[in-house]
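Enquirer: Numbering (this note's numbering), first residue to last: 1015 to 1167.
Yeah, the Cβ is synthetic: ideal placement off N, Cα and C, and Gly gets one too.
Predicted model only: the values in this text are computed from it and were never measured.
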Amino acid sequence: MAKFLTQDQIHEYKECFSLYDHRRQGKIEAQQLITVMRCLGSNPTPAEVQRHLLSHSIDRGGEIDFSTFLGIMHRQLQQEAPEEEILEALKMADKEQKGFIMASELRAKLTGLGEKLTDREVDELLKEAGVGADGRVHCEQFARAVSRSSIQR
1015 MAKFLTQDQI HEYKECFSLY DHRRQGKIEA QQLITVMRCL GSNPTPAEVQ
1065 RHLLSHSIDR GGEIDFSTFL GIMHRQLQQE APEEEILEAL KMADKEQKGF
1115 IMASELRAKL TGLGEKLTDR EVDELLKEAG VGADGRVHCE QFARAVSRSS
1165 IQR
């Protein structure tokens, strides 16, 4: 699994994993898996965590070593696929299916719906994604930019 993760990711995962390895034996308790994953920016549901544990034949009272943890994180990252999710959401707003949305419309959605962003946060995202002179934001470019920034955090 390590070949699919960057060295920086592995190092970050190891640091966090070590914080929850209370007995310093290279293992964490299975019941802490969701906490460790969320500390690393992943957002698994309890059902997803249970599936990860079952796929490795680990019960809630068991333990997870770091190698197994890396495999679980890799699989979770693949499942979350933030770029695809963002692109799907943008396509729903792109009623004419032309591949772009007006920056003003995107701002209204990001500051008014769901987990509301501040105007400053939206400014940063739009700056990173690039807004055309015509006020358009290209959906694929925006999804890529947002995905990159969320991975780097």
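#1: Would you mind sorting Asp1035 into buried or exposed? The rule is 16 or more other CB atoms within 10 Å of its CB.
#2: Leaving out five residues on either side along the sequence, give the residues of the same chain with a beta carbon under 6 angstroms from the beta carbon of Glu1159.
#3: Once you ignore the five residues that flank Arg1134 on each side, which residues in its own chain have a CB closer than 8 angstroms to its CB?
#4: Starting from the Cα of Gly1149, find the closest Cα among His1070, Cys1030, Ser1071 and Ile1115 and give me that residue.
#5: If you follow the alpha helix (DSSP H) that Lys1028 is in, where does it begin and where does it stop?
#6: Would the beta-carbon of Leu1140 fall within 9 angstroms of that of Arg1121?
#7: Could you check if Arg1167 is buried or exposed, using at least 16 other CB atoms within 10 Å of its CB as the buried criterion?
#8: Buried or exposed, going by whether 16 or more other CB atoms sit within 10 Å of the CB of His1152?
#9: Taking the DSSP output, what are the residues bridged to Arg1150?
#10: In the DSSP output, which residue or residues are listed as bridge partners for Asp1108?
#11: May I have the straight-line CA-CA distance separating Ile1048 from Thr1020, to the nearest angstrom?
#12: From Phe1018 to Ile1086, what distance separates their C-alpha atoms?
#13: Give me the Cα-Cα distance between Pro1058 and His1066, rounded to the nearest whole angstrom.
Expert: This is what the structure holds:
#1: Around the CB of Asp1035, 16 or more other CB atoms lie within 10 Å, so the residue is classed as buried.
#2: Note that residue 1159 corresponds to Ala in the displayed sequence, not to Glu. Take Ala1159, set aside five residues on each side of it, and the residues of its chain with a beta-carbon closer than 6 angstroms to its own are Glu1142 and Ala1143, in chain order.
#3: Excluding positions up to five away in sequence, the list is empty.
#4: Closest option to Gly1149, Cα to Cα, is Ile1115.
#5: Gln1021 to Tyr1034 is the span of the alpha helix (DSSP H), which, as asked, contains Lys1028.
#6: The criterion of a C-beta distance shorter than 9 angstroms is satisfied by Leu1140 and Arg1121.
#7: At Arg1167, the pLDDT of 44 sits below 50, so the modelled position is not reliable; the number obtained from the coordinates is stated separately. Arg1167 should be labelled exposed.
#8: A buried status is given to His1152, since no fewer than 16 other beta-carbon atoms sit within 10 Å of its beta-carbon.
#9: DSSP lists Met1116 as partners of Arg1150.
#10: According to DSSP, Asp1108 shares a beta bridge with no other residue.
#11: Ile1048 and Thr1020 have their C-alpha atoms roughly 21 angstroms apart.
#12: When the Cα atoms are used, Phe1018 and Ile1086 turn out to be separated by approximately 12 angstroms.
#13: Roughly 10 angstroms separates the two Cα atoms.
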